[in-house]
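Just below is one structure, and these are the notes that go with it.
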Amino acid sequence: MGARIPTKNPRPEEYDFEWPEPDESSWVRLTMEWRKTDGGIVDAELLRPRNWVASSHLEIGSIFKVFSTELELNGIAEITAISPCPPLSTGDGEVVTGRLVTRKADETGRMTFETGDTLEGSKSHPIWSPAIQDWVPMEEWAAGDAVLGREGWITVTFVEVLNESVPLYNIELRGEHVYEVTQAEILVHNSGGGLGGCGINLGNSDVPKNGTIAPNSVNYSQNSVNKSVLDYAKDMEARNWNWDKSGPIRVMLIGGKLVSYDNRRVFAARIAGLKKIPYEKVNPNDLFPGSKRTWGEQFERRRMDVRNLVDGQPLPPTGTNANPKII
0 MGARIPTKNP RPEEYDFEWP EPDESSWVRL TMEWRKTDGG IVDAELLRPR NWVASSHLEI
60 GSIFKVFSTE LELNGIAEIT AISPCPPLST GDGEVVTGRL VTRKADETGR MTFETGDTLE
120 GSKSHPIWSP AIQDWVPMEE WAAGDAVLGR EGWITVTFVE VLNESVPLYN IELRGEHVYE
180 VTQAEILVHN SGGGLGGCGI NLGNSDVPKN GTIAPNSVNY SQNSVNKSVL DYAKDMEARN
240 WNWDKSGPIR VMLIGGKLVS YDNRRVFAAR IAGLKKIPYE KVNPNDLFPG SKRTWGEQFE
300 RRRMDVRNLV DGQPLPPTGT NANPKII
């Protein structure tokens with residue numbers, strides 16, 4: 000992240016002008032977990048302008064839909080950290096603005112070249128063909144074809160499908176979106192990070208109805224909780240908490256944020272250091288159990304409760320990520 004790569008895209012018309020030249024003082028690092036619809040997980044880090052992050056209403060815990068053709072990704076992303084921009088290299092070339100690691104990829108391939116180099120990747124990852132002057136997905140290559148390397152054309156000697164789960168590593172390069180791999184410096188296309196360019200849909204209703212989530216990523220709907228939260232935390236830390244009995248925390252998607260109705264359990268999970276807890280996303284138009292009010296009305300009623308006023312003002316509809324007071 001922050002290094003520079005001088006590789007040029009052989010198709011200059013593809014140059015991406017979306018982002019300005021990165022600047023350490025005005026850019027930030029977004030750390031995310033992308034959950035694919037097939038259950039796979041991508042750990043992602045992207046550099047983006049701070050003002051773009053603010054205008055997109057992105058913050059820790061934001062959940063949105065994200066997709067990338069080259070990563071074969073169509074799923075949900077969650078921001079787990081926002082930190083200062085790392086040092087940026089100077090000199091020639093474009094800045095590496097993204098690092099993406101697919102923990103386990105099932106449908107992958109391996110190409111072997113006359114140089115003895117091998118390349119593993121997703122079946123859709125584009126590789127430059129000097130013969131047809133275009134990007135060709137890995138799954139469409141065959142022995143005898145030629146890729147472009149440091150010394151010119153390099154012949155493919157073998158292509159195979161891997162029947163095993165392997166991690167895949169990818170980067171995003173600003174502007175040019177190409178880089179070289181293996182000792183032979185074979186030209187490939189980068190992934191595209193998914194935030195800008197490859198597509199983003201903030202606050203998307205496709206957030207799964209049920210799943211698990213980091214408690215630090217959930218906002219509270221109130222700023223105080225009963226002291227029984229400490230007993231909850233002790234049980235959770237001792238692994239004595241029965242989630243089957245208590246049920247998942249109930250959350251509602253508001254302004255791109257998951258806001259909890261069950262604040263004590265969220266706070267207790269944070270105290271206990273739990274990495275993930277189960278949740279159920281409720282529909283704001285459905286009736287609250289045992290009431291004539293809807294979930295949306297119930298959340299609003301809690302927000303306006305006099306006990307949740309701060310300096311006479313209610314919490315914002317998206318709640319707060321600050322831990323509540325224990326009373």
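When the count follows numbering that gives the first Met the number 0, it moves up by one through the sequence shown with no breaks and lands on 326 for the last residue. Idealized CB from N, CA, C, for every residue including glycine.
CA-CA distance, Thr6 to Arg47, rounds to 21 Å. Counting along the chain, Val27 sits inside the beta strand (DSSP E) bounded by residues 26-35. If the five residues before and after Glu138 are omitted, its C-beta is found closer than 8 Å to the C-beta atoms of Gly108, Lys122, Ser123, all from its own chain and listed in chain order. Counting C-beta pairs with one atom in each stretch, the segment 294-310 and the segment 217-225 have three or more that are closer than 8 Å, which means they touch. Contact between the segment 134-154 and the segment 99-116 is established, with three or more Cβ pairs separated by less than 8 Å. Sorting Trp294, Arg269, Asp285, Glu12 by C-alpha distance to the C-alpha of Asp133 places Glu12 at the top. In this structure, Pro83 lies away from Gly1, with their beta-carbon atoms at least 8 Å apart. For the options Tyr168, Glu113, Ala76, the alpha carbon positioned closest to that of Ala142 is the one of Glu113. For Asn320, the CB contacts under 7 Å within the same chain, skipping 5 residues up- and downstream, are Ile59, Gly60, Asn218 in chain order. In the same chain as Gly90, and ignoring 5 residues on each side of it, the C-beta atoms closer than 7 Å to its own belong to Arg3, in chain order. A check of alpha carbon separations from Leu161 across Glu119, Ile253, Glu175, Arg10 identifies Glu119 as the nearest. Burial check for Pro214: the Cβ neighbour count within 10 Å reaches 16 or more, so the residue is buried.
Counting only runs of at least 3 residues, the segment 270-299 fully encloses the following beta strand (DSSP E) elements, listed from N- to C-terminal order: 276-280.
Just so you know, the alpha carbons of Ala80 and Pro9 end up roughly 35 Å apart. A direct Cα-to-Cα measurement between His56 and Gln312 gives close to 21 Å. In this chain, Met303 is not harboured by any beta strand (DSSP E), its DSSP state being neither H nor E.
Note on geometry: alpha-carbon atoms of Val187 and Val155 lie some 14 Å from one another. In this structure, the straight-line span from the alpha carbon of Trp127 to that of Asp22 is close to 30 Å. In the DSSP assignment, Glu159 falls within the unbroken beta strand (DSSP E) covering 151-161.
Pairing Tyr278 with Glu175 gives a Cβ-Cβ distance that is not under 8 Å. Trp127 sits in a strand when the DSSP states are folded into three classes. If you draw a straight line from the Cα of Arg263 to the Cα of Lys275, it comes to about 15 Å.
A direct Cα-to-Cα measurement between Ala268 and Gly39 gives close to 25 Å. The Cβ-Cβ distance between Gly151 and Glu184 does not fall below 8 Å. Separation of the CB atoms of Arg98 and Glu179 is rounded to 16 Å, and the pair is thereby denied contact status at 8 Å.
The continuous beta strand (DSSP E) containing Met251 extends over residues 248-253.
Assignment of beta-bridge partners to Thr101 by DSSP yields Val41, Leu167.
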